[in-house]
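Student:
Below, the structure written as C-alpha cells:
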C-alpha cells in the first residue's frame with residue numbers, strides 16, 4: 004500500500020514509537036503480535052460476527068436527496084451514526100478488546116474526549132466482562148455529561164483529568180501514566196489513529212471497514228466504486244482514516260479532511276492542526292502538532308470535544324505533507340449551522356464533529372454528476388445541550 008506504514012512504523016517522515024522505557028515491553032508485545040492476531044481466521048470470524056450482529060453493520064450508504072439538490076452533486080452519507088453506541092468508535096473498540104483477550108489482558112484503560120470512544124470501550128468491556136477505566140478531561144465531562152452517565156451505567160470507572168486544559172490531551176497523558184504503572188495486566192485501547200506504532204496502523208485497520216463497505220455500496224448504487232470526493236472530520240483522525248483507507252491508492256479520488264478552526268484559525272482558540280502546527284512528537288509518535296516556539300504543546304480549542312486535540316495521527320500528517328489529502332478547517336459557528344441544516348433537511352441530527360465535514364460542502368463547487376461521500380461519524384444526541392445553548396431552543 005503506497006501510503007501505508009513501513010516496517011519501522013513510519014508513514015514517510017511520521018510515526019514511530021517514542022515511548023518511555025517502562026512502556027517498551029507493552030508496545031513491543033503489540034507490535035510483534037497484532038498482525039498475526041488480526042490475520043488469524045478465528046479472530047476475523049469473531050470480529051466480523053460482532054460487527055454484524057452486535058454493531059449492526061454494514062452501516063447504510065444513504066443518498067441524501069435534498070442535500071444533493073442543494074449542492075448540485077450526488078451526496079452520500081456513510082451512516083456510522085447508526086452503529087450501536089452511536090459512532091464509528093465501536094469498530095475499533097471491538098477489534099482491540101478481542102486483541103486484548105488474546106494477549107491475556109485483565110484490565111482495560113482508555114482515554115476519551117467526546118465520550119464516544121469511552122462509551123464504546125465501556126460497552127465492549129461489559130460485553131466481555133473485563134474491568135474498564137476511562138480517563139476523561141474534567142471540561143469534557145461537563146460538556147458530555149450524558150456520555151459520562153452511559154459509561155458509568157455500563158460499569159466503567161470514569162477518572163477526571165484535572166491538569167492542563169482538562170480535555171483530551173490531558174486524558175491521554177493520564178491514561179499513559181496508568182499504563183506505565185500497570186504494564187503487565189493492562190491493555191490501553193487508544194481511540195484514534197494516534198500514539199506509538201503499532202496503534203495508528205491497528206486502529207486504521209479496524210476502522211477500514213468503513214471504506215471497504217462504501218466501495219461495495221457505491222458500486223451497487225452508482226455503478227462505480229470510486230466517488231469524486233470522500234470527506235470526513237479530523238481530530239486525531241480515526242473516522243477519516245477509516246473512510247479514506249481503501250481509497251488511498253485510487254489517486255483520482257479527492258480526499259478532504261476537515262479540522263476544527265474553533266473561533267477562527269488565527270483567533271488563538273483553534274484546533275486546526277495542519278494550518279497551525281509543526282512537526283514534532285506527541286503521545287508517542289512523530290507527527291504535526293500545535294506547539295510554541297520552544298516546543299510546548301499549545302492548548303487546542305473546539306466546541307466539539309472530539310476534535311479538540313493538538314495533533315493529528317501520523318498517517319494524516321503524511322497524507323497532508325505529500326498532498327494526497329486536502330486538510331481544511333471549519334469554525335464552531337459554521338459547524339453548528341451545518342448541524343442544524345442537516346437536521347432540518349435530512350432528518351438526521353449529526354454530532355458536532357461530523358457537522359464540521361458537512362459544513363465544508365458550502366465552500367465547494369461540484370460538477371453535476373460528481374459523487375461525494377461524507378462520513379457521518381456520529382449522532383448528535385450527546386451534543387444537544389450545545390445545540391440548545393447556541394440556537395436557544
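Numbering (the working numbering), first residue to last: 4 to 396. Backbone N, C-alpha and C define an ideal beta-carbon position, used for all residues, glycine too. Keep in mind it's a predicted model, so treat the numbers as computed, not measured.
1) Does the structure place the region 300 to 311 close enough to the region 340 to 353 that three or more beta carbon pairs sit under 8 angstroms?
2) What is the rounded straight-line gap between the Cα of residue 83 and the Cα of residue 16?
3) Could you say if the region 126 to 136 and the region 244 to 264 meet the contact criterion of at least three C-beta pairs nearer than 8 angstroms?
4) Can you check whether the CB of residue 332 is closer than 8 angstroms to the CB of residue 304?
5) Would you identify the three-state DSSP class for residue 39, choosing helix, strand or coil?
6) Which of the three DSSP states is assigned to residue 230 in this structure?
7) In chain order, what residues of the same chain have a beta carbon less than 6 angstroms from the beta carbon of residue 383, not counting five sequence neighbours either side?
8) Measure the alpha-carbon distance for residue 381 versus residue 89 and round it to whole angstroms.
9) Report yes or no: do three or more beta-carbon pairs, one from the region 112 to 124 and one from the region 137 to 146, lie closer than 8 angstroms?
10) Can you tell me the Cα-Cα spacing of residue 397 and residue 40, whole angstroms?
11) Given residue 166, which residues of its chain have a CB within under 6 angstroms of its CB, disregarding the five upstream and five downstream residues?
12) Give me the Cβ distance between residue 314 and residue 117, rounded to the nearest whole Å; I'm assuming they're in contact under 8 angstroms.
13) Whose CA, out of 326, 132, 266 and 260, lies closest to the CA of residue 254?
14) Which one or two residues does DSSP pair with residue 112 in a beta bridge?
15) Tell me whether residue 15 sits in a helix, a strand or coil according to DSSP, three-state version.
16) What are the uninterrupted segments assigned as alpha helix (DSSP H) that are 4 or more residues long and contained completely in the region 280 to 360, given in chain order?
17) Would you list the residues sitting across from residue 377 in a DSSP beta bridge?
18) Would you say residue 284 and residue 275 are within 8 angstroms of each other, going by their C-beta atoms?
19) Can you give me the start and stop residues for the beta strand (DSSP E) that residue 258 sits inside?
20) Can you give me the C-alpha to C-alpha distance between residue 234 and residue 241, rounded to a whole angstrom?
21) Would you say residue 231 and residue 143 are within 8 angstroms of each other, going by their C-beta atoms?
22) Should residue 410 be labelled buried (16 or more other beta-carbon atoms within 10 Å of its own) or exposed?
23) What does the alpha-carbon distance come out to for the pair residue 252 and residue 91?
24) Using three-state DSSP, classify residue 160 as helix, strand or coil.
25) With a cut-off of 8 angstroms on the beta carbons, I'd call residue 317 and residue 201 a contact; round off their distance for me.
26) Can you give me the C-alpha to C-alpha distance between residue 264 and residue 159, rounded to a whole angstrom?
Tutor: This is what the structure holds:
1) They do not touch, by the three-pair rule.
2) 31 angstroms
3) Between the region 126 to 136 and the region 244 to 264 there are fewer than three inter-stretch CB-CB distances shorter than 8 angstroms, so the stretches are not counted as touching.
4) no
5) helix
6) coil
7) 352, 353 and 354
8) Within the model, the alpha-carbon separation for residue 381 versus residue 89 is close to 6 angstroms.
9) yes
10) Since the first and last residues shown for the chain are 4 and 396, residue 397 lies out of range.
11) Excluding residues within five positions, the ones whose Cβ falls inside 6 angstroms are 173.
12) Actually they are not in contact, since the Cβ atoms of residue 314 and residue 117 sit about 16 angstroms apart, beyond 8 angstroms.
13) 326
14) 136 and 191
15) coil
16) Correct list: 317 to 324 and 335 to 349.
17) 80 and 234
18) The answer is no: Cβ separation not under 8 angstroms.
19) It spans 257 to 265 - the beta strand (DSSP E) in which residue 258 sits, taken as one unbroken run.
20) 13 angstroms
21) No, the Cβ-Cβ distance between residue 231 and residue 143 is not below 8 angstroms.
22) Since the first and last residues shown for the chain are 4 and 396, residue 410 lies out of range.
23) Taken atom to atom, the span from the alpha-carbon of residue 252 to that of residue 91 is near 23 angstroms.
24) strand
25) In fact, because the Cβ distance is near 11 angstroms, the residues do not count as touching under 8 angstroms.
26) 32 angstroms
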